[in-house]
Amino acid sequence: MAAKISMRMMWQCGTATRVIFRTPRERASQIRLQSTGTNSAQSNPFLRYVRTLKWVWIPTGVGLAYISYQQLGHIIKREKRKINQAEEPSAIVAKDWQVSLYKRMPLKAMSRAWGKFNSLDLPMWLRQPAYKLYIWMFDCKLEEAAIEDLKHYKNLGEFFRRSLKPNVRPIAHTASITSPSDGKVLHYGKVEGGYVEQVKGVTYSLQGFLGPPPGPTGENCGTQSDDAFQKCLKHNPDHTALYHCIIYLAPGDYHRFHSPVEWNVHFRRHFPGELFSVNPGVARWIQGLFNFNERAVYTGEWQHGFFSLAAVGATNVGSIKVYCDKDLMTNSHLHKNSPPGTTFDACFTDTNHNDAGINFKKGESFGEFNLGSTIVLIFEAPDTFQFNVEPGQKIKFGQSLGDFSSKKGFEKKTT
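In numbering that gives the first Met the number 0, the protein residues as written are 0 to 414.
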């Protein structure tokens with residue numbers, strides 16, 4: 000036993016001696032290595048920068064979400080370059096496998112997480128610098144807000160949904176139809192053959208977007224061809240056409256939306272769906288984008304016949320809120336196992352409401368987004384109706400979208 004201990008101590012001492020007492024050749028080699036490493040670090044700015052970094056651990060989910068978000072940005076930029084280079088719209092439409100891959104991204108979970116983050120109350124000292132950074136990034140007009148004191152807004156959600164000062168957005172009451180929100184006009188025009196253009200050359204099905212109409216009209220329409228479905232919606236088929244207008248709300252825009260006309264809302268259909276980005280670049284890339292996305296479609300009638308307003312969800316839109324519809328629940332995990340084609344409907348002409356539905360005046364508050372998204376208007380109007388905006392044009396809530404070339408038009412049929 001003593002011999003073993005003695006041998007172990009000798010081996011350990013030998014090892015220590017080798018570290019401390021090196022031959023002249025070994026010492027010279029070590030000095031050269033140290034000198035080379037020092038000179039390399041001093042001469043390389045990148046290595047000096049890396050040494051100054053402070054590494055911080057973050058949750059894996061946050062890292063993956065950030066990587067996904069950055070990758071999505073690269074995809075959108077790449078597709079924008081394709082759009083600028085392509086001569087034919089069909090040349091840049093996403094393939095089925097690309098759409099399927101896009102669906103696999105955790106966009107719903109990211110959006111719910113973003114919604115929860117927006118509802119977290121910020122400490123008083125952080126509110127002003129955080130909101131000022133957001134204002135600078137997205138060019139928000141704080142002077143238009145009803146409350147300009149940034150410390151008043153407890154969280155980002157409250158700041159997104161801030162109200163405006165009275166008369167900041169005068170309503171064009173003489174116009175036939177006004178913009179329901181601030182934003183950019185993505186596209187507009189007549190509905191042709193039961194298909195709607197989301198951008199020039201890229202369409203989606205009207206029947207797929209609205210679903211079958213409820214009540215007697217729906218019983219008459221049923222499931223049929225897209226062209227027949229379009230004709231079935233119209234109240235005055237001989238003298239009117241169906242028109243559409245798509246308005247994209249950017250993150251820096253006013254996040255509330257309003258009634259564009261005086262009309263009666265009869266019905267709501269909620270489509271749980273994807274939360275693809277509705278950025279104009281993605282709208283050019285994905286055929287039928289708005290039929291994929293979650294949306295709340297409100298249908299009814301105005302003085303010229305059929306009218307609908309749809310609030311379309313998008314990536315990082317925590318929720319859509321409609322003031323007259325307390326039962327609406329968007330971006331909910333309760334819907335994640337719903338079979339394809341499932342809808343959640345609400346009727347506003349039953350015993351809880353008068354027979355005419357819910358009446359909205361032009362410019363009246365309708366709802367809000369937790370972040371920018373899209374409003375889609377589909378409506379019946381006389382053949383003389385003309386839009387007075389251009390694709391890509393910035394527009395404010397309350398400004399005129401269109402009018403009749405002659406101020407007559409046709410009133411809806413009464414039965």
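Glycine is no exception: its CB is placed at the ideal position from the N, C-alpha and C atoms.
- Residue pairing by DSSP places Y203 opposite V195 in a beta bridge.
- Annotation: the continuous alpha helix (DSSP H) that includes N290 extends over L288 to F291.
- Rounded to the nearest whole angstrom, the CA to CA distance from S110 to D237 is 45 Å.
- When secondary structure is reduced to three states using DSSP, I285 falls in the coil class, being assigned neither helix nor strand.
- In terms of Cβ geometry, W262 and V92 do not form a close pair [threshold 8 Å].
- Annotated three-state conformation of G156 is helix, per DSSP.
- The beta carbon of D225 sits closer than 7 Å to those of G192, G193, Y194, S204, L205 and Q206, all from its chain and outside the five residues before and after it, given in chain order.
- Look at L106 here: in three-state DSSP terms it is helix.
- Taking 8 Å as the cut-off, the beta carbon of A145 is found no closer than this to the beta carbon of K115.
- By DSSP's assignment, L308 forms a beta bridge with Y297 and L376.
- Contact check for G312 and N330: beta-carbon distance about 6 Å, within the 8 Å limit, so the pair qualifies.
- Nearest C-alpha to T348 among Y253, K361 and G299: G299.
- Residue pairing from DSSP places Q385 in a beta bridge opposite D402.
- Here S175 is buried. Its C-beta has 16 or more other C-beta atoms within 10 Å.
- Rounded to the nearest angstrom, the gap between the Cα atoms of G401 and G182 is 16 Å.
- For the 8 Å CB-CB criterion, L232 and F305 form a contact.
- When only Cα atoms are considered, A249 and K189 end up about 25 Å apart.
- A direct Cα-Cα distance of roughly 19 Å separates E142 from Q398.
- The C-alpha of A171 is placed about 20 Å away from the C-alpha of D252.
- In the DSSP annotation of this structure, D225 is not part of any beta strand (DSSP E); the continuous alpha helix (DSSP H) holding it starts and ends at D225 to L232.
- For R126, the enclosing alpha helix (DSSP H) begins and ends at M123 to F137.
- For E273, the pairing in a beta bridge is given by DSSP as N292.
- Y297 and Q229 have their C-alpha atoms some 17 Å from each other.
- Bounds of the beta strand (DSSP E) holding K189 are G182 to K189.
- For I246, the enclosing beta strand (DSSP E) begins and ends at T239 to Y247.
- Annotation: V92 is outside any beta strand (DSSP E) and is labelled neither H nor E by DSSP.
- By the neighbour-count criterion, in which a residue is buried when 16 or more other Cβ atoms sit within 10 angstroms of its Cβ, C244 is buried.
- Beyond the five residues adjoining it in sequence on each side, H334 comes within less than 6 Å, by CB distance, of P271 in the same chain, given in chain order.
- For S99, the secondary structure class from DSSP, reduced to helix, strand or coil, is helix.
- Beyond the five residues adjoining it in sequence on each side, T341 comes within less than 7 Å, by CB distance, of P271 in the same chain, given in chain order.
- A108 and E273 have their C-alpha atoms roughly 11 Å apart.
- Straight-line spacing of the CA atoms in P212 and Y247 works out to 25 Å.
- Taking every protein chain shown into account, the CB of F137 has fewer than 16 other CB atoms within 10 angstroms, so this residue is exposed.
- Taking a 10 Å sphere around the C-beta of L125, we find fewer than 16 other C-beta atoms and assign the residue as exposed.
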